[in-house]
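Student: In full-length UniProt numbering, the protein residues as written are 1 to 234.
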Amino acid sequence: MTTPASAPLPTLTDMSDALTQASPAADATPAPKLGRRAEARRIAMMDAALKVFMEKGFERATLGDIVALSGGSRATLYELFGGKEGLFLAVLEVVTGHISQLMNDIAESCGPPEEVLLQFGTSLLEALVQPDVMAMNRILVAEGRLFPDQLEGFFRTGPDQSREKVANYLRRAADQGLVVVDDPVTAAHIFFGMVTAGYSFEGQINPARMGDAARRRTYVQQVVHLFLHGLCPR
Numbered sequence: 001m002t003t004p005a006s007a008p009l010p011t012l013t014d015m016s017d018a019l020t021q022a023s024p025a026a027d028a029t030p031a032p033k034l035g036r037r038a039e040a041r042r043i044a045m046m047d048a049a050l051k052v053f054m055e056k057g058f059e060r061a062t063l064g065d066i067v068a069l070s071g072g073s074r075a076t077l078y079e080l081f082g083g084k085e086g087l088f089l090a091v092l093e094v095v096t097g098h099i100s101q102l103m104n105d106i107a108e109s110c111g112p113p114e115e116v117l118l119q120f121g122t123s124l125l126e127a128l129v130q131p132d133v134m135a136m137n138r139i140l141v142a143e144g145r146l147f148p149d150q151l152e153g154f155f156r157t158g159p160d161q162s163r164e165k166v167a168n169y170l171r172r173a174a175d176q177g178l179v180v181v182d183d184p185v186t187a188a189h190i191f192f193g194m195v196t197a198g199y200s201f202e203g204q205i206n207p208a209r210m211g212d213a214a215r216r217r218t219y220v221q222q223v224v225h226l227f228l229h230g231l232c233p234r
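(1) Could you have a look at D212 and say whether DSSP puts it in helix, strand or coil?
(2) What number of angstroms, rounded off, separates the C-alpha of E85 from the C-alpha of G230?
(3) Enumerated in chain order, which unbroken segments of the alpha helix (DSSP H) with a length of 4 residues or greater are wholly contained in the region 94–130?
(4) Is M15 buried or exposed, if buried means 16 or more other CB atoms sit within 10 Å of its CB?
(5) So for S162, helix, strand or coil by DSSP?
(6) Which runs of the alpha helix (DSSP H) spanning at least 4 residues fall entirely within the region 132–208, listed in chain order?
(7) S73 by DSSP, collapsed to three states: which one?
(8) Give me, in chain order, the residues of the same chain whose beta-carbon lies closer than 8 Å to that of V180; leave out the 5 immediate sequence neighbours on both sides.
(9) Give the straight-line distance between the Cα atoms of K51 and G71, rounded to the nearest whole angstrom.
(10) Where does residue 236 land, buried or exposed, given buried means 16+ other C-beta within 10 angstroms?
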């Protein structure tokens, strides 16, 4: 599972803000607060793991590959992450951490639905088309069956929680008379599906079909209009 040669491989050092907020994976031994050197080793190991997972996928990646690239030790890897599954899920949390931050932003918003949903939908789609996120999502689709229990925990604290925050925003908007929605949870699911429809299939197979940022923003504008106003004349 390789990334296009033209796409620079991201590092987890670049995502250090998200990293400090990432919680340990469900199967990892809870670790005490790390010192500076230990945190540097943790970042280096996760950065190496991201590169190896993106290149080889989960099943073909080995702890030896990750340890060799990171310059760490197998003992440190087990101490920090509990094994390959824990390391993968920790990397996944960081890679998708900026999406969670988007959810925190919308959770506090009380702005007009057109503006809030456009900003959220555009930011979400831009996050999803990043090479690292796309690669990790391909791994989840192809190999998530290998660790279903841990992955279910990620879904509960990630995508499910994100949709709930959008549902809560829709409830507040309904209370203010800005929208009429009988089932905010279902509405949030529908909105997520509309925003990510092209990404989920065509974009994963051929990222070029997602177009540039301007085209994606136009698409989200149309999604928001259709979501809020529908097709039938009023």
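Ideal Cβ placement from N, Cα and C applies to all residues, glycine included.
Tutor: Straight from the coordinates:
(1) Position 212 of the sequence shown, counted from the first residue, corresponds to residue 212. It is coil, neither helix nor strand.
(2) Walking along the sequence shown from the start, residue 85 turns up at place 85. Walking along the sequence shown from the start, residue 230 turns up at place 230. Their Cα atoms are separated by approximately 43 Å.
(3) 97–107, 113–128
(4) Along the sequence shown, one-based indexing puts residue 15 at 15. Low local confidence applies: a pLDDT of 49 at M15 is under 50, so the model's placement there is unreliable, and no value is given.
(5) Residue numbering aside, residue 162 sits at position 162 when the sequence shown is read from its first letter. Three-state DSSP puts S162 in a helix.
(6) 148–157, 159–175, 184–198
(7) Here residue 73 corresponds to residue number 73 of the sequence shown, with the count starting at 1. The answer is coil: DSSP assigns S73 none of H, G, I, E or B.
(8) As a working note, residue 180 is residue 180 in the sequence shown. Contacts found: A174.
(9) Residue numbering aside, residue 51 sits at position 51 when the sequence shown is read from its first letter. Residue numbering aside, residue 71 sits at position 71 when the sequence shown is read from its first letter. When rounded, the distance between both Cα atoms is 14 Å.
(10) With the chain covering 1 to 234 only, the question about residue 236 has no answer from this structure.
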